[in-house]
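Chemist: Yeah, the sequence shown ends on 164 if you go by the UniProt record's numbering, and it's all consecutive.
Built from N, CA and C at the ideal position, the CB exists for glycine as well.
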Amino acid sequence: MRILVSSCLLGEDTRYDGANSSIALNPKFRFSQKELFMDIMCENEIFSICPEVAGGLGIPRNKAEIKSHNKPFMVIDEKENDVTINFLIGAKKALDICLENSIKVALFKSKSPSCGNIEVYDGTFSEKLVLEKGLTARLLEENGIKVFNENQLEDLKKFIKENR
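Next up, the structure:
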């Protein structure tokens, strides 16, 4: 199966702080989770994207959060720059990759203002989470693409098995 994966989860240094969120190297994940991640990566065709970088933001970049979750969306960075257009461009590029390659599922970074599929930070830069989706995760799901995060590997594995 073809899977769109957040670049940072694959070990690419694309996070806002110039680091990565590699599952394989992250000590918070148990060995069995790392093994499951590697199995999923090796048994499927992987397409990698960082929507924020694809949208024109650099590495490193200012931390950004979604200020308005309703249309019109608004994403601001910690210096109060409006970076909404970059997030929307990155989301559209991710969707285009999925549509052009018949990708039906994504594995994205949790809590990200682009990729979070369950919760994201609330837009106040106070570390508070709200039950909302990042802009890319939202766009993909609106177009029928199932989005999982790195804490849902078992669910992803089940989805792959049921949809091969």
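Which residues share a DSSP beta bridge with M74?
Modeler: DSSP, once it has assigned bridges, lists S68 as partnering M74.
Chemist: Leaving out five residues on either side along the sequence, give the residues of the same chain with a beta carbon under 7 Å from the beta carbon of D17.
Modeler: Closer than 7 Å at the Cβ level, and outside the excluded window around D17, lie P60.
Chemist: Got a sec, what are the start and stop residues for the alpha helix (DSSP H) A106 sits in?
Modeler: Where A106 is concerned, there is no enclosing alpha helix (DSSP H), although the beta strand (DSSP E) it sits in stretches over V105 to F108.
Chemist: Buried or exposed for L57, please, with buried defined as at least 16 other CB atoms from any protein chain shown within 10 angstroms of its CB.
Modeler: L57 comes out buried.
Chemist: Report the CB separation of A94 from T124 in whole angstroms; it is logged as a contact under 8 Å.
Modeler: Actually they are not in contact, since the Cβ atoms of A94 and T124 sit about 26 Å apart, beyond 8 Å.
Chemist: Quick check: L109 and N151, are their CB atoms within less than 8 Å of each other?
Modeler: According to the sequence as given, residue 109 is Lys; it is not Leu. Not a contact, by the Cβ cut-off of 8 Å.
Chemist: Is it true that the CB of F47 sits closer than 8 Å to the CB of L107?
Modeler: In this structure, F47 does not lie closer than 8 Å to L107 by Cβ.
Chemist: By DSSP, does F148 sit in helix, in strand, or in coil?
Modeler: F148 falls in the strand class under three-state DSSP.
Chemist: Would K161 and L36 be called neighbours here (beta carbons separated by less than 8 Å)?
Modeler: Contact flag unset, no.
Chemist: Taking all protein chains shown into account, decide if C8 is buried (16 or more other Cβ within 10 angstroms of its Cβ) or exposed.
Modeler: With 16 or more other Cβ atoms within 10 Å, it is buried.
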